[in-house]
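Structure, as structure tokens:
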Amino acid sequence: MSFFAIIDTNASLPVLLVTSQVYNDGLGNQAALNCDVYYLIDKEVKNIGTIESMGTAYPIAYDETGIYAASGHDMQRFEIEKSGSLRLAEGDL
């Protein structure tokens, strides 16, 4: 089974996040540790990458500046470029 979210972030169009695993974050929300990122490019929805966090304390998150992943010692912020590619904007690979 797949789960999805359509989000608004720094990109000019909505972004589709898809995952096969979710968990309850204890606050009544479903959260995910990893997701495939899809974006509309040349009139076609394409997989532009995967984002992964490292543990249930660090679910994938987003806001108007990007999509976030984290671990106990690092944070990553990803942006969608005008070309439609997924780019690490902050953090370590």
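The opening position of the sequence shown corresponds to residue 1 in UniProt numbering, with each subsequent residue numbered one higher.
Even glycine gets a Cβ: it sits at the ideal position worked out from N, Cα and C.
Note: ASP63 is bridge-paired with GLY66 in the DSSP secondary-structure output. Bridge pairing for LEU17: ALA5, VAL37 [DSSP]. Apart from sequence neighbours up to five positions away, the residues of its chain that approach ILE7 with a beta-carbon distance below 7 Å are PRO14, VAL15, LEU17, TYR62, ordered along the chain. Taken atom to atom, the span from the alpha-carbon of MET54 to that of MET75 is near 10 Å. In this structure TYR38 touches ASN47 by the C-beta definition: roughly 6 Å separates them, less than 8 Å.
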